[in-house]
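The opening position of the sequence shown corresponds to residue 459 in the numbering used here, with each subsequent residue numbered one higher.
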Amino acid sequence: MTGPGSPAEHLRAGGTSVVVALGDGRLPRILHWGEDLGDLSSETLRVIVETALPAIGDSRVTYPQPVPVLPQLAEGWLGRPGLVGDSGGRRWASQFTAVGHRIDDDPAGPVLRVDAVDDAFRLELVLELQLLRASGLVRQRAELVNRDDAPFRLGGIELSLPVPHEAVELLDLTGRWSLERVPQRHPFHVGEWVRASRGGKPGLEHTMLLAAGASGFGFRAGRVWATHLAWSGNQVLAAERTPADTRHLVAGELLLADEVVLARDGSYRTPWQVGSWGDGLDELAARFHRHLRSTRPLGPRPVILNTWEAVYFRHDVAKLTALAELGAEVGAERFVVDDGWFSGRRDDTTSLGDWDVDEDIWPDGLGPLVARVRELGMDFGLWFEPEMINLDSALARAHPDWLFDAGHGPGLPSRHQHVLDIGHPGAYEHVLARMSALIDALHIDYVKWDHNRYLLDAGHFPDGKPGVRRQTEQVYRLMDELRTRHPWLEIESCASGGGRIDLGVLERADRVWPSDCNDPHERLEIQRWTGLLVPPERQGTHIGAEASHTTHRSHPLDYRAEKAIWGHLGIEVNLLEADDAERARIARWVAFHRAHRELLHHGVVVHADLPEPAARLEGVVAQDRSEALYALSLVERPRTWPLGRLGLPGLDDGTTYDVQVVTPGGEELHGPQSPWISDGIRLPGRVLRTVGLEAPSLDVDRSVLLRVVAVR
Ligand code: DGJ
459 MTGPGSPAEH
469 LRAGGTSVVV
479 ALGDGRLPRI
489 LHWGEDLGDL
499 SSETLRVIVE
509 TALPAIGDSR
519 VTYPQPVPVL
529 PQLAEGWLGR
539 PGLVGDSGGR
549 RWASQFTAVG
559 HRIDDDPAGP
569 VLRVDAVDDA
579 FRLELVLELQ
589 LLRASGLVRQ
599 RAELVNRDDA
609 PFRLGGIELS
619 LPVPHEAVEL
629 LDLTGRWSLE
639 RVPQRHPFHV
649 GEWVRASRGG
659 KPGLEHTMLL
669 AAGASGFGFR
679 AGRVWATHLA
689 WSGNQVLAAE
699 RTPADTRHLV
709 AGELLLADEV
719 VLARDGSYRT
729 PWQVGSWGDG
739 LDELAARFHR
749 HLRSTRPLGP
759 RPVILNTWEA
769 VYFRHDVAKL
779 TALAELGAEV
789 GAERFVVDDG
799 WFSGRRDDTT
809 SLGDWDVDED
819 IWPDGLGPLV
829 ARVRELGMDF
839 GLWFEPEMIN
849 LDSALARAHP
859 DWLFDAGHGP
869 GLPSRHQHVL
879 DIGHPGAYEH
889 VLARMSALID
899 ALHIDYVKWD
909 HNRYLLDAGH
919 FPDGKPGVRR
929 QTEQVYRLMD
939 ELRTRHPWLE
949 IESCASGGGR
959 IDLGVLERAD
969 RVWPSDCNDP
979 HERLEIQRWT
989 GLLVPPERQG
999 THIGAEASHT
1009 THRSHPLDYR
1019 AEKAIWGHLG
1029 IEVNLLEADD
1039 AERARIARWV
1049 AFHRAHRELL
1059 HHGVVVHADL
1069 PEPAARLEGV
1079 VAQDRSEALY
1089 ALSLVERPRT
1099 WPLGRLGLPG
1109 LDDGTTYDVQ
1119 VVTPGGEELH
1129 GPQSPWISDG
1139 IRLPGRVLRT
1149 VGLEAPSLDV
1159 DRSVLLRVVA
1169 VR
């Protein structure tokens, strides 16, 4: 540990620099987070610290100074408090003194650890800030320890990442069921822009990221910074600009009354607050993608056939076996039996919690279907909703005390269901045992893990004390324990679609289900914005029915398939009702995806910033820039026609490429087209980026795929 005298530390990794002021015993202040600053001498660091102080000699109370990562009222901070807590009305205005710090060279990246104490309050604080080598993401967390006999009742800890004055615009996301991740932008005014999740999961409307950037920042240009909380429970993300014009991004867990009461020597550790930055959103997102790819590398993503939209609850052995056979024929590699397989489950009103195979529908269990699936060369997945319970279930009848109850009974039903309190040891063991037994017996490869009701009144029975934090920890424990017991197991995080997407769950889950909406018109945007955090191979992207089951809009197969090939491909079309021609066409798209998934699932995601609001041009470029695939789509009738020239982002300026329109389904383009559309074209990367190509003629909700290969 270095003493409190060292003025600053400079962490460098993954193309990012973070400079942290540490002198004078105060909590660390980040003076720079972003562009790599190169090697800096201690003299330069000293000057950076000195010049970070404003020229006005004001009292501390107006706080025109760099904001500590955990700002405190007692230090003159009038903004969002970094720490809220007390002991029966005492010990509420903490004032920590940093007593030392050190830098650990963790294999994942350097960690700055700062120890601080509040002697008067007998509280200790450990702050850790890590720069991740593979991605250049920064992350920080805090641990609070109570050293007093008086219990410390924690209201919450929020950590801050500063952004410079250049950050004048905010971007965050909102949404709802089947329309997740809708972007909204607005100026970064003085005040607080706060996005909170209180439903026991981030939620369908959750922002996932909160970004602040330079005026007009886009995907390719404009510096931008963002924060995320690696946590699947209640949380808050905020952007705060003070009247003294300090700007910062805040993240923390939202705690309910008495959820964390620290007895003597008890401690609480925050989830990681994660920060990314980039020149444009593509670079910012690429850091998250690199992080996930480096911490949890995945093998080739097997094409899924999911039964949900094909049969819903109408399970029938012969029908599902035939569906599996047709799935294998079109190239599926994993067969996932969705909701409807367990005791008495004929609709969504009953049986959640009774994780036994329904004997009426499956007289010989799931074994024969699983055997057939394996014979067909596919692996097998099964749907569960482990944290939920129906009042009409054997489980609820046997253990009414395992339901959450804050004092008014089980509360409002949602989709006829309630929440099972897996903070209760018996409930946890029940779910673990049932899931584990089935996973073992059938050697289940994949669990689609659903979560459809929010935690509204999640009190432990009988005292009603809040259990949201504990529930979140128990979900992680359950996932971890299942994976330890069954190391081959993959998990999908689904919550009525994209209701639980965060880096906490993604430490355990192999993919997320971004939305129940398979309409390609909506999916284009949902996948694009989910992609700010989640790389394509971890987003489930399925070919849905011709008439979307959620929007009732119809789209041709080629457009539905094109929007699905980018991610972890799946099929939800009812193949039992599809004719030979349709199945052959699906097979061609599946084959195309399988031939290119190495590129699609390991490449760099790029989006062009087009002046025409109706057009989208996005793609994936190989890490070595030797090849790429792009899709140009129209989401409405364009104001500008023809669209003009389109620059292809992400290629190597100095390499020459062949560009070709590809039509995996055999689709035809309508209208007059430039000759290059049929003949292909050869041009240097620099020309493709700057001059671009004359855009193809296109109708609304149609796309053109471009395959780009470097000339050797
Ligand atoms: C909600 C999910 O989002 C759907 O994909 C499906 O699994 C249903 N639940 C099943 O009840």
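All C-beta atoms in this analysis are idealised placements derived from N, C-alpha and C, irrespective of residue type, glycine included. Being a predicted model, the structure only gives us computed values, none of them experimental.
- Task: Please confirm whether any heavy atom of ligand 1 lies closer than 6 Å to the CB of Cys975.
- Result: Locating residue 975 in the sequence shown gives position 517, counting from the first residue. Distances between the C-beta of Cys975 and the heavy atoms of ligand 1 are all 6 Å or more.
- Item | Chain-ordered list of residues that sit, by beta carbon, closer than 7 Å to a heavy atom of ligand 1 | After applying the 7 Å Cβ criterion, the set is Trp766, Asp796, Asp797, Asp806, Trp841, Lys906, Asp908, Asn910, Cys952, Ser954, Gly955, Trp971 and Asp974.
- Helix, strand or coil for Arg457 per DSSP? With the chain represented from 459 up to 1170, any question about residue 457 goes unanswered, as that position is not in the structure.
- Query: Taking just the CA atoms, how far does Trp813 sit from Met893?
  - Reply: Residue numbering aside, residue 893 sits at position 435 when the sequence shown is read from its first letter. Residue numbering aside, residue 813 sits at position 355 when the sequence shown is read from its first letter. Computed Cα separation, rounded: 7 Å.
- Val1172 to Ser1012 span [Cα, whole Å]: For the chain, the structure presents residues 459 to 1170; residue 1172 sits outside this window and is missing.
- Test item: CB-CB of Thr1114 and Pro1142 under 7 Å: On the sequence shown, position 656 is the one that residue 1114 refers to. On the sequence shown, position 684 is the one that residue 1142 refers to. Yes, these two residues count as a Cβ contact at 7 Å.
- Which residues in the same chain have their Cβ closer than 6 Å to the Cβ of Ile984, if we skip the five residues on either side of it in sequence? To locate residue 984, count along the sequence shown from 1; it is residue 526. These residues qualify, in order along the chain: Glu638, Arg639, Pro972 and Ser973.
- Query: So, are the CB atoms of Ala670 and Ala702 less than 7 Å apart?
  - Reply: Start at 1 with the first residue of the sequence shown, and residue 670 comes out as number 212. Start at 1 with the first residue of the sequence shown, and residue 702 comes out as number 244. No, the Cβ-Cβ distance between Ala670 and Ala702 is not below 7 Å.
- Item | Rounded straight-line distance, which links the Cα of Met846 to that of Glu493 | Along the sequence shown, one-based indexing puts residue 493 at 35. Along the sequence shown, one-based indexing puts residue 846 at 388. Their backbone Cα atoms lie some 45 Å apart in a straight line.
- Message: With three or more C-beta pairs closer than 8 Å as the rule, is the region 640-647 touching the region 592-607?
- Response: The answer is no - the region 640-647 does not touch the region 592-607, with fewer than three Cβ pairs under 8 Å.
- Message: Ignoring anything shorter than 4 residues, give me the alpha helix (DSSP H) runs that lie fully in the region 847-935, in order along the chain.
- Response: The region 847-935 contains these whole alpha helix (DSSP H) runs: 852-856 and 883-900.
- Task: Starting from Gln693, follow the beta strand (DSSP E) in both directions and report where the run begins and ends.
- Result: Taking the sequence shown and counting its residues from 1, one reaches residue 693 at position 235. Counting along the chain, the unbroken beta strand (DSSP E) around Gln693 starts and ends at Gln693 to Arg699.
- 7 Å CB neighbourhood of Leu662 in its chain, flanking five on each side removed: Within the sequence shown, the letter at position 204 stands for residue 662. Result list for Leu662: Gly633, Arg634, Trp635, Glu638, Ser954, Gly955, Gly956 and Gly957, in chain order.
- Close Cβ partners of Gly962 (< 6 Å) along its chain, the five nearest in sequence each way excluded: What you label residue 962 is simply residue 504 of the sequence shown in a count that begins at 1. Excluding the 5 residues flanking it on each side, Gly962 has same chain C-beta neighbours closer than 6 Å at Ala688, Trp689 and Ser690, in chain order.
- Measure how close the beta-carbons of Leu585 and Val527 come, nearest whole angstrom, since I'm counting them as under 8 Å. Here residue 585 is taken as the residue at index 127 of the sequence shown, counted from 1. Here residue 527 is taken as the residue at index 69 of the sequence shown, counted from 1. Correct: roughly 6 Å between the Cβ atoms.
- Straight-line CA distance for Ala1168 to Ala592? To locate residue 1168, count along the sequence shown from 1; it is residue 710. To locate residue 592, count along the sequence shown from 1; it is residue 134. Near 26 Å, if we compare the C-alpha coordinates of Ala592 and Ala1168.
- Taking buried to mean at least 16 other C-beta atoms within 10 Å of its own C-beta, is Gly461 buried or exposed? Reading the sequence shown from its first residue, position 3 is the one you call residue 461. Model confidence at Gly461 stands at a pLDDT of 44, short of 50, so the residue's coordinates are unreliable; what they give is reported in the following sentence. Within 10 angstroms of the beta-carbon of Gly461 lie fewer than 16 other beta-carbons, which makes it exposed.
- Spatial neighbours of His1010 in its chain, beta-carbon cut-off 8 Å, leaving aside the 5 residues before and after: Here residue 1010 refers to the residue found at position 552 of the sequence shown. Hits under 8 Å: none found.
- Item | For Ala715, the three-state DSSP class (helix, strand or coil) | As a first step, residue 715 must be located in the sequence shown, where it is residue number 257. Ala715: coil per DSSP, three-state reduction.
- How is the alpha helix (DSSP H) around Pro826 delimited, first residue to last? Reading the sequence shown from its first residue, position 368 is the one you call residue 826. That run of the alpha helix (DSSP H) goes Gly825 to Glu833.
- Item | Alpha carbon of Gly865 to alpha carbon of Gly917, nearest angstrom | Here residue 865 refers to the residue found at position 407 when the sequence shown is read from its first residue. Here residue 917 refers to the residue found at position 459 when the sequence shown is read from its first residue. The straight-line gap from Cα to Cα measures roughly 7 Å.
- Considering only the beta carbon of each residue, do Glu616 and Val708 sit closer than 7 Å? The count along the sequence shown starts at 1 and reaches residue 616 at position 158. The count along the sequence shown starts at 1 and reaches residue 708 at position 250. Yes; because the gap between Cβ atoms is below 7 Å, this pair is in contact.
- Can you tell which of Glu817, Pro755 and Leu714 has the C-alpha that lies nearest to the C-alpha of Gln929? Residue 929 sits at position 471 when you count from the first residue of the sequence shown. Here the closest residue by C-alpha is Leu714.
- Query: What residue from Arg681, Met666, Val889 and Arg678 has the CA that sits closest to Gly710's CA?
  - Reply: Along the sequence shown, one-based indexing puts residue 710 at 252. Here the closest residue by C-alpha is Met666.
- Item | CA nearest to the CA of His1065, picked from Leu1058, His1059, Arg1074 and Leu1057 | Residue 1065 sits at position 607 when you count from the first residue of the sequence shown. When each option's Cα is compared against that of His1065, the closest is Arg1074.
- Message: Taking a contact to mean a Cβ-Cβ separation below 7 Å, would you say Ile949 touches Asp977 in this structure?
- Response: Position 491 of the sequence shown, counted from the first residue, corresponds to residue 949. Position 519 of the sequence shown, counted from the first residue, corresponds to residue 977. Cβ atoms of Ile949 and Asp977: not closer than 7 Å.
- Message: Could you pull the DSSP bridge partners for Ile615 from this structure?
- Response: Residue mapping note: residue 615 aligns to position 157 of the sequence shown, counting from 1. Bridge pairing for Ile615: Leu541 [DSSP].
- Query: Expressed to the nearest angstrom, what Euclidean distance is found between the alpha-carbon atoms of Ser475 and Leu570?
  - Reply: As a working note, residue 475 is residue 17 in the sequence shown. As a working note, residue 570 is residue 112 in the sequence shown. Those two C-alpha atoms are separated by around 13 Å.
- Query: What do you get for Ala1153, buried or exposed, if any count of 16 or more other CB atoms within 10 angstroms of its CB means buried?
  - Reply: Counting from 1 along the sequence shown, the entry for residue 1153 is found at position 695. It is buried - the Cβ of Ala1153 has at least 16 other Cβ atoms within 10 Å.
- Message: If you reduce the DSSP assignment to three classes, tell me which class Pro462 lands in.
- Response: Residue 462 sits at position 4 when you count from the first residue of the sequence shown. Below a pLDDT of 50, predicted positions are generally treated as unreliable, and Pro462, at 44, falls in that range; no measurement from the model is reported.
- Kindly provide the ranges of any alpha helix (DSSP H) runs that are 4 or more residues long and lie completely inside the region 1099-1140, ordered along the chain. Fully contained in the region 1099-1140 are the following alpha helix (DSSP H) runs of length 4 or more, in chain order: 1133-1137.
- For Arg705 and Ala1086, the rounded distance between their alpha carbons: What you label residue 1086 is simply residue 628 of the sequence shown in a count that begins at 1. What you label residue 705 is simply residue 247 of the sequence shown in a count that begins at 1. Linking Ala1086 to Arg705 through their CA atoms gives a straight-line distance of about 38 Å.
- How many Å lie between Leu964 and Val970 at the Cα? Taking the sequence shown and counting its residues from 1, one reaches residue 964 at position 506. Taking the sequence shown and counting its residues from 1, one reaches residue 970 at position 512. Cα-Cα distance, rounded: 8 Å.
- Item | Ser500 burial status per 10 Å Cβ neighbour count (16 or more: buried) | Taking the first residue of the sequence shown as position 1, residue 500 is located at position 42. Counting Cβ neighbours within 10 Å, Ser500 comes out exposed, since fewer than 16 surround it.
- Query: Is it right to say Ala744 is buried, meaning 16 or more other beta carbons lie within 10 angstroms of its own, or is it exposed?
  - Reply: Taking the first residue of the sequence shown as position 1, residue 744 is located at position 286. Buried.
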